[in-house]
Each structure stands twice: as C-alpha cells, then as structure tokens.
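Student:
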Amino acid sequence: MPLSDPGCVINLGTGIPNDVIGAIIHEEQLGEQVTITVESGIYGGQQAGGVDFGIGRNLSAMISHQDQMLYYNGAGVDITFMGAGEIDPHGHVNATRLGASCPGAGGFIDITQNARHVVFCSSFTAKGLEIACEHGALHIRREGEVRKFVAGVNQISYNGELARAKGQTMHYVTERAVFELRPEGPVLTEIAPGIDLERDILAHMDFHPAIAADLQVMDSRLFAPPPCGLAEHLSRNSSSDS
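Mapping the sequence shown onto numbering that gives the first Met the number 0, position 111 (from 1) lands on 110, and the numbers just tick up by one.
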C-alpha cells in the first residue's frame, strides 16, 4: 500500500522485501507501473529470492553495481523496502548486528539515507512465529520467542532521530501492525483485522508506543487470497493526482 505513486522507482533490500514484495509486484501485475531496482544493478523483471538475491529474469536493464550505488546516492529512489532486526522507541533500526551475527550493512546505509521514503519490513516477533490468514483476518497461532521492538537496539544501522530531523518519511510494516516515524517516535497507525491491540501488540513490545488518534484497521484484502487489486489502487491515485 505504500506504493501510492505510479511511476515511482523502488529499491528492494534482501530478505522479506526482495522475497515477498518482488513477488507481489509480479503477482499484482504492477511491473509496468513501478520500476523495481536492486543494488546489484538490475531494473524491472522478476527478482529471484533467498540466496539468489541480486539476480532476476526478464530484466528491463542492468548496470554495474558501482553505477547503481551512484544512482542511489544521488537520491534516485522514491521508496526503499528494507528488512529490520530490531526497532527501538527512538525510531532507530538495527539490521547489521543480530545476536552474535554481524552480516554487515552492504548497501543498506547508502540507500536508506538517500531514499525519499523508507519502509522497514519485518515480522513482529521472531523465532517460532506462526500465523494464519482466514476470512480476511490475521490469526496468531504461535507467538515468536524473540521480540523485535526493544528498549534499545544492539547497533544503530538507521538513525531515527536523524531521519526525523531531515524530514524523511519512514514506516515500519509488520504482519499485524504498521508504525509511522513521527516527532514523538514510532506511532502505531494501523493494526490487522483479527488482532487485539493489548494482547497481540503491546504485550510483545519492550516500550509503549504512541498510538494514533485515528488508529486504522488494515485493508482486509491483504489477508485474503490474491490478487489484492493494487493495480487499481495505483490507477485511482494516478487519476486523483491528474
């Protein structure tokens, strides 16, 4: 749903963004309405997932990795979708030091610092989480053992305070809740249908977030069999802007 502008250039990071969002764009037939890019230098087409991150098929174009990073550093990306390991009450994100593992930043810092809109994609908890989508609603079958919304991140990969200072638009999207970074920190703006605010969200956070006065319920189409009608959603936005 953050894809509000037809013709926007998006970047997909490794993990959930590339594995899930790339597939959704193909499934929803949005390839002609948005331009997908990956830091390896590919444009358009359908992205491979998992260990094959950075490659794809039926590409529109491919340039060198170095030239792609120059484009990113020049603020060429409208929206970037990135993974997140931890989020804290300051809006900071850790994606580079996860427990004893230090996977490194890759292009994460260059891309997130220069994109106009950053969307962090993550499950709400980790390790053992089991969910089901039934009748347009989300159900938690088994809660994850590891919290992702923590009192303080293990390492700052993305600085929420700096993002607020420069006016960058930023969202955190999980399967059950959406947060927007505002002056007071991450603000809960949407919850999934079928989810209880206290039991399924607040009880599994190490801090109490601000809650939007107009807290919304996510579109039930997101929890029903595809397609979700995202192409029509973009077309409506295009018509309203013209």
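C-beta atoms are modelled at their ideal positions from N, C-alpha and C, and glycine is treated no differently.
Under the assumption that Leu-187 contacts Leu-214 (Cβ atoms under 8 Å), give the Cβ distance between them as a whole number of angstroms.
Tutor: Counting from 1 along the sequence shown, the entry for residue 187 is found at position 188. Counting from 1 along the sequence shown, the entry for residue 214 is found at position 215. About 7 Å separates the two Cβ atoms, so the contact holds.
Student: Is the Cβ-Cβ distance between Gly-81 and Pro-185 less than 8 Å?
Tutor: For the purposes of this step, residue 81 is identified with residue 82 of the sequence shown, where counting begins at 1. For the purposes of this step, residue 185 is identified with residue 186 of the sequence shown, where counting begins at 1. As written in the sequence, residue 81 is Met, which differs from the Gly given in the question. No, these two residues do not count as a Cβ contact at 8 Å.
Student: At what residues does the alpha helix (DSSP H) containing Pro-95 begin and finish?
Tutor: As a working mapping, residue 95 is identified with position 96 in the sequence shown. Correcting the residue identity first, residue 95 is Thr in this sequence and not Pro. Taken as a continuous stretch (DSSP letters only), Thr-95 belongs to no alpha helix (DSSP H), as it is neither H nor E.
Student: Say whether the stretch 104-113 touches the stretch 65-72, bearing in mind that this needs 3 or more beta-carbon pairs closer than 8 Å, one atom from each stretch.
Tutor: These segments touch.
Student: What residue from Leu-137, Lys-126, Pro-88 has the CA that sits closest to Tyr-171's CA?
Tutor: Taking the sequence shown and counting its residues from 1, the one referred to as residue 171 is at position 172. If we check each option's Cα against that of Tyr-171, Pro-88 comes out closest.
Student: Given Cys-132, which residues of its chain have a CB within under 8 Å of its CB, disregarding the five upstream and five downstream residues?
Tutor: Mapped onto the sequence shown, residue 132 falls at position 133. His-138, Phe-222, Ala-223.
Student: Take His-64 and list the residues in its own chain whose beta-carbon comes closer than 8 Å to its own, dropping the five residues that flank it on each side.
Tutor: Residue 64 sits at position 65 when you count from the first residue of the sequence shown. Counting only Cβ-Cβ distances below 8 Å, and skipping sequence neighbours, we find Glu-38, Ser-39, Gly-40.
Student: My output table needs one value for Val-37: the three-state DSSP class, helix, strand or coil.
Tutor: For the purposes of this step, residue 37 is identified with residue 38 of the sequence shown, where counting begins at 1. Strand, per DSSP.
Student: In angstroms, rounded to a whole number, what distance separates the CA positions of Ser-121 and Glu-174?
Tutor: Numbered from its first residue, the sequence shown carries residue 121 at position 122. Numbered from its first residue, the sequence shown carries residue 174 at position 175. Each residue's Cα considered, the two are about 8 Å apart.
Student: Assuming contact is defined by CB atoms lying nearer than 8 Å, are Ala-230 and Gly-193 in contact in what I supplied?
Tutor: Counting from one through the sequence shown, the residue named residue 230 turns up at place 231. Counting from one through the sequence shown, the residue named residue 193 turns up at place 194. Taking 8 Å as the Cβ cut-off, Ala-230 and Gly-193 do not qualify as a contacting pair.
Student: What are the boundary residues of the beta strand (DSSP E) that Tyr-171 is part of?
Tutor: As a working mapping, residue 171 is identified with position 172 in the sequence shown. Here the beta strand (DSSP E) through Tyr-171 covers 168-172.
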